[in-house]
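In my numbering, each number is its position in the sequence shown, counted from 1, plus 293. Glycine residues also receive a C-beta, built at the ideal position from the N, C-alpha and C atoms. Structure first, then comments.
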Amino acid sequence: MLILRIASAAIGIVYLILAFYIGGWFLDLSVLGISLIGMHEFYTAVRHRGYNPLSWVGYLFIFSLFWSIALHLSYFHAILLSALLAAFFCLFLTVVSQRLNLLDACLTIFGCIYPGMAFMSLILLYDAEIYGKYLLIFTLFATWATDTFAYFTGLGLGKNRLCPRVSPKKTVEGSIGGVLGSLVTGILVGMVFTRFYKLEIGYLHYAIISLLCGITSQMGDLSASSIKRFCNIKDFGRILPGHGGILDRFDSILFTVPVVYSYYLLFLS
Numbered sequence: 294m295l296i297l298r299i300a301s302a303a304i305g306i307v308y309l310i311l312a313f314y315i316g317g318w319f320l321d322l323s324v325l326g327i328s329l330i331g332m333h334e335f336y337t338a339v340r341h342r343g344y345n346p347l348s349w350v351g352y353l354f355i356f357s358l359f360w361s362i363a364l365h366l367s368y369f370h371a372i373l374l375s376a377l378l379a380a381f382f383c384l385f386l387t388v389v390s391q392r393l394n395l396l397d398a399c400l401t402i403f404g405c406i407y408p409g410m411a412f413m414s415l416i417l418l419y420d421a422e423i424y425g426k427y428l429l430i431f432t433l434f435a436t437w438a439t440d441t442f443a444y445f446t447g448l449g450l451g452k453n454r455l456c457p458r459v460s461p462k463k464t465v466e467g468s469i470g471g472v473l474g475s476l477v478t479g480i481l482v483g484m485v486f487t488r489f490y491k492l493e494i495g496y497l498h499y500a501i502i503s504l505l506c507g508i509t510s511q512m513g514d515l516s517a518s519s520i521k522r523f524c525n526i527k528d529f530g531r532i533l534p535g536h537g538g539i540l541d542r543f544d545s546i547l548f549t550v551p552v553v554y555s556y557y558l559l560f561l562s
């Protein structure tokens with residue numbers, strides 16, 4: 294199992310580096326692919342609870358949003374109008390179909406937002422006019438550092454349970470270690486960006502973004518665990534050997550990337 298985890302993680306890292314290097318349509322289509330897979334995993338999970346989300350409406354919404362982003366149309370208008378139209382359409386279908394109810398409509402729209410729109414924020418951050426691809430790389434390093442430091446700190450020092458109802462193995466000590474690990478890693482990556490790429494972001498911004506990643510990364514992890522517990526499943530899928538599904542592997546990134554992109558819009562753009 295460990296060999297499978299290491300092998301699939303290594304393949305994923307190589308593919309990610311390749312996608313960042315090539316960029317353009319290759320990156321965009323890669324993000325679209327994982328968005329659709331993630332949405333499929335979410336819709337499949339809630340069906341285990343007996344709900345009936347309109348998955349095809351969710352996929353249509355993401356395709357519409359993807360083309361708007363890929364063609365560099367107004368992001369705000371594209372997101373707002375696409376979400377509103379999808380919501381209106383789902384609600385209307387509950388009127389004309391006896392098989393659908395309000396919860397089905399709500400879960401359909403929620404699947405569009407999480408994980409659909411959340412994955413699309415990878416493109417938004419990468420394409421940001423100033424610092425975009427560097428901030429995305431920074432976010433990935435800080436997020437993965439959080440997971441790694443939280444795991445090993447919890448393994449060595451963990452005593453107090455963080456959220457036993459959702460994830461019994463996670464500890465307060467591990468959580469603190471994850472945030473500190475993200476901070477240290479973020480500062481180191483910031484030093485590299487400043488020295489070798491002459492980025493003028495400033496270490497205060499690096500520190501704040503690192504802390505945001507350290508906190509929201511764990512929020513994403515716990516939220517995904519909460520969904521799995523609610524749906525009574527162990528993993529979202531089996532597409533990644535040793536890791537589970539796309540949502541099992543990228544649950545943290547779904548929270549950190551949108552938060553960092555929001556920080557960029559507010560303080561760095």
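| Item | Value |
| --- | --- |
| Nearest-angstrom beta carbon gap, Met332 and Tyr351 [assumed within contact, 8 Å] | In the sequence on display, residue 351 carries Gly and not Tyr. The Cβ separation is near 5 Å, so the contact holds. |
| Lys521, DSSP secondary structure in three states | helix |
| Residues that Gly537 bridges to, as DSSP identifies them | Leu533 |
| Inter-residue Cα distance where the pair is Gly471 and Thr478 | 10 Å |
| Own chain partners of Ser475 with C-beta closer than 8 Å, once the 5 adjacent residues on each side are dropped | Ala435, Thr436, Ala438, Thr439, Phe442, Ser503, Leu504, Cys506, Gly507 and Ser510 |
| Contact belief for Cys405 with Phe354 at Cβ below 8 Å, rounded distance in angstroms | 5 Å |
| Contiguous beta strand (DSSP E) assignments of at least 3 residues, all confined to the stretch 483–521 | none |
| Rounded distance between the beta-carbons of Tyr344 and Asp397, thought under 8 Å | 6 Å |
| Extent of the continuous beta strand (DSSP E) to which Pro461 belongs | Ser460 to Thr464 |
| Cut-off 8 Å between Cβ atoms - residues of its own chain near Phe412, not counting five sequence neighbours on either side | Val324, Ile327, Ser328, Gly331, Phe543 and Leu547 |
| Status (buried if at least 16 other CB within 10 Å, exposed otherwise) for His341 | exposed |
| Three-state class that DSSP yields for Thr377 in the structure shown | Going by the sequence as given, residue 377 is Leu instead of Thr. If DSSP states are grouped into helix, strand and coil, Leu377 belongs with the helices. |
| Whole-angstrom C-beta distance between Pro551 and Ser361, which should lie under 8 Å | Between Pro551 and Ser361 the Cβ distance is about 17 Å, and since that is not below 8 Å, they are no contact. |
| Residue range of the alpha helix (DSSP H) that includes Leu358 | Ser348 to Ala363 |
| Proximal residues to Leu347 (C-beta, below 8 Å), its chain only, five neighbours per side dropped | Cys383, Leu386, Leu393, Asp397, Ala398 and Thr401 |
| Cβ shell of Asp528 (< 7 Å), same chain only, five flanking positions each side left out | Gly537, Gly538 and Asp541 |
| Cβ-based neighbour list, Asn453, same chain, cut-off 7 Å, excluding 5 preceding and 5 following | Thr464, Val465 and Glu466 |
| Terminal residues of the beta strand (DSSP E) in which Leu558 lies | It is not in any beta strand (DSSP E) - Leu558 carries neither H nor E in the DSSP assignment. |
| Local conformation of Arg454 per DSSP, three classes | strand |
| Per-residue DSSP class, three states only, for Ser545 | coil |
| Assigned exposure category for Phe359 - 16 Cβ within 10 Å defines buried | buried |
| Proximity to Val482 [Cα-Cα], best of Leu450, Cys524 and Phe431 | Phe431 |
| Lys491 classed as buried or exposed, judged by whether at least 16 other C-beta atoms fall within 10 angstroms | exposed |
| Local Cβ density within 10 Å of Met410, reported as buried at 16 or more and exposed below that | buried |
| Coarse secondary structure for Ala438, derived from DSSP in three states | helix |
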